[in-house]
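Numbering (the numbering used here), first residue to last: 34 to 593.
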C-alpha cells in the first residue's frame, strides 16, 4: 500500500508485525483516534522498546535500551534532578567529546537548549522509552540525600544496642539493608576501589578510595553502627558474634549489570569494628597490556622478557600500585591451550578462565613455599607466585625458573634497581639471582587528568628543573605545554578521572649481573641500566606529563 504510514512499513520490514496485525490495528486506530504505535503496544502486538526503537530509526536518531546500559552517575549529576525530571532527559555518558542525553521526546528543543546551557557541552540526543527513563530518574538519586535519609530512619528504629539477640533482626531490617546497598551501589558508580566504614566516637564515617585517594562521603548516626557492620559481616559470611579479632570474607553481587566481588576485612578498633571492602571489578582481570599505559619502547622491553620460555619476571612497587593487574594482563597474553598456567595467591582476587589458581591457607599449612613445591610437581609451564615474602619462597621460585619454567611474582621494593639487592638481603645467593632473574618491572599508579576540565599552561624553568628535566631543556620553558587539574562535575571536582601506570623496566645484562655479584649499590645499578636504555619511573612519568596525561604535582605525589 503506497499510502501506508512509514512506521507501519518499518515495523513490517523488521518482521515485528504481520499484514493482518497491521490491518486490525489500522481499523482500531480509525475508531479510537489513538496513534498507530499506541494501538499496537496496548494490544500487546509489539513492546514499547520495539516501538520506540523503530520510531528512533524513522527520525534518524540512535535508540538506547536503558535496561542494558550502565549509566555513568558522574555524568547524570551534571544537571539538577529537578531539571532532568521537568524535561524528561538524562545525561548518560560521553561520546566523541559530546554529552549523550537520553530523551523520551528528542524534538523538545527547549530541553536541549536548557541542558546545553547548564553543561556547556555539545549534545548528542538518543531516544529512550518513557518508562525506562522514569525508572532511571527514580533510581539515580544522590547518595548524600538518600543515604542520609535512610540512616536517620535506621537510627530512629535502633538504639545504640549491641545485644546479640537483636542483631539478627537489625541486619535484615529494610533501612539497614537499603543503606548498605546504597553504599555499595554508589561506590561502584563512582569508580571507588575501596569502601571504608569507620566507627568514630560520635558517628559512623564512610569514605571511598577513588583513583588512589580517600574521600569522605558521609557521616551517619553512631546508633546504626552495629546494624551496618553486622549486615556487612552476614553478607560476607563472617561470624557476627566475634568482635575481638580481625576477620575476612567475600561477597559476590551484580551492580548495574556488572559482576562485582567485594573482599571484606574487619579490624577491631577502640570505637568498634572498622570494615574495609575492596571492590574487585572482574572486567579488570581482562585488561590488556595496551590498557595499562605502557610507552611503546617500554612495552617492547617488557615484551622481550615475557616472551621467553623460562626465567623470572618480578613486578615491584608498594601496595596498591597495580602489580596484580599487570601480572594478570601479562598472563592473558602468554596463556594459551598449549600451556599449563598455575598461580598461588593470597588471596585469589580475580578468577581467570583457563588458569589453575591456588589459594594460600596458612592455617592448613598451605604457605607460598609449600604451595609452590606442589605446583612444581604438577607439570607447569608458567607459574605466578602472588608475592615473595621470605627466602624460602624466593629460592624455590628462582630455582623453578632455572628448571625451565616462566615464573612471575611481585616484591615490595621502591624501584627496579633495588630489587636484586632485596633478594640478596633475603638470603638468596647472588649466583641464583643473576642466573634466573630476567626482568624487573617497577610501577606506580598516577591519576589521569580529567579531559573535560584540564587547563593548559606554560611551565616555569624552576618547575621543569624540579620535575627532572635537564638544565638545557628547562632553559626553554616556552617549548613545553603542560596541563593542570581544575575540577568539574564529571570528575567530582578533583580534576582527575581514572588512573594509569608509570613503569620502569630493568632487563638483565652481563654488566648488571656483574654488579649484583659484587653487591654494588642500587645507584650503581641504576646508572648501568639507564645507560642501557632503561627509563626511570620519573622519566617515564615525565613523558606522560608532557603528553598531557597527568600533572607535574601528581607525578611528584607518586614518584619520589
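All residues carry an ideal CB built from backbone N, CA and C; glycine is no exception.
Starting from residue i and walking both ways along the beta strand (DSSP E), at which residues does that stretch end?
i, result
"residue 308", "305-314"
"residue 471", "470-482"
"residue 275", "From DSSP, residue 275 is part of no beta strand (DSSP E); its letter is neither H nor E."
"residue 392", "389-392"
"residue 459", "From DSSP, residue 459 is part of no beta strand (DSSP E) but of the alpha helix (DSSP H) over 452-459."
"residue 159", "156-160"
"residue 417", "415-418"
"residue 232", "225-232"
"residue 124", "122-128"
"residue 574", "Residue 574 -> not in any beta strand (DSSP E); alpha helix (DSSP H) instead, spanning 570-579."
"residue 348", "344-349"
"residue 241", "236-243"
"residue 136", "131-136"
Going by the CB atoms, is the gap between residue j and residue i shorter than 7 Å?
i, j, result
"residue 22", "residue 368", "Limits of the chain in this structure are 34 at one end and 593 at the other, which puts residue 22 out of reach."
"residue 354", "residue 477", "yes"
"residue 269", "residue 321", "no"
"residue 326", "residue 533", "yes"
"residue 125", "residue 142", "no"
"residue 359", "residue 366", "no"
"residue 345", "residue 427", "no"
"residue 398", "residue 424", "no"
"residue 55", "residue 41", "yes"
"residue 519", "residue 528", "yes"
"residue 418", "residue 442", "yes"
"residue 310", "residue 297", "yes"
"residue 137", "residue 166", "yes"
"residue 500", "residue 575", "yes"
"residue 451", "residue 555", "yes"
"residue 570", "residue 535", "yes"
"residue 550", "residue 463", "yes"
"residue 131", "residue 95", "no"
Out of the options, point me to the one whose CA is closest to residue i's CA.
i, options, result
"residue 160", "580, 135, 381", "135"
"residue 440", "463, 451, 446, 408", "408"
"residue 391", "545, 238, 404", "404"
"residue 216", "234, 247, 261", "261"
"residue 146", "593, 128, 117", "117"
"residue 295", "285, 521, 551", "285"
"residue 226", "164, 382, 349, 395", "382"
"residue 658", "152, 69, 379", "Nothing can be reported for residue 658, as the shown portion of the chain is limited to 34 through 593."
"residue 256", "271, 238, 250", "238"
"residue 524", "485, 310, 44, 334", "485"
"residue 209", "267, 170, 111", "267"
"residue 97", "120, 133, 115, 73", "133"
"residue 471", "482, 343, 350, 357", "343"
"residue 387", "88, 415, 48, 463", "415"
"residue 526", "44, 223, 84, 149", "223"
"residue 214", "287, 430, 139", "287"
Give the DSSP-derived three-state secondary structure of residue i in the structure shown.
i, result
"residue 254", "strand"
"residue 488", "strand"
"residue 112", "coil"
"residue 520", "coil"
"residue 291", "strand"
"residue 297", "strand"
"residue 449", "coil"
"residue 441", "strand"
"residue 537", "strand"
"residue 175", "Note that residue 175 has pLDDT 47, beneath the 50 cutoff, so the model's placement of it is unreliable and the number below is only indicative. Of the three classes helix, strand and coil, the one that applies to residue 175 here is coil, per DSSP."
"residue 374", "strand"
"residue 553", "coil"
"residue 529", "strand"
"residue 260", "helix"
Use the C-beta contact count for residue i: other C-beta atoms within 10 angstroms, 16 or more gives buried, fewer gives exposed.
i, result
"residue 562", "buried"
"residue 371", "exposed"
"residue 324", "exposed"
"residue 338", "buried"
"residue 278", "exposed"
"residue 591", "buried"
"residue 542", "exposed"
"residue 495", "exposed"
"residue 241", "buried"
"residue 291", "exposed"
"residue 44", "buried"
"residue 92", "exposed"
Quick check on the DSSP output: the alpha helix (DSSP H) that includes residue i runs from which residue to which?
i, result
"residue 331", "329-339"
"residue 591", "585-591"
"residue 549", "543-550"
"residue 27", "Not covered by the structure: residue 27. The range shown for the chain is 34 to 593."
"residue 431", "424-435"
Step through the CB atoms of chain C and report whether any lies within less than 7 Å of the CB of residue i.
i, result
"residue 223", "Note that chain C does not occur in the displayed structure, where there is just one protein chain."
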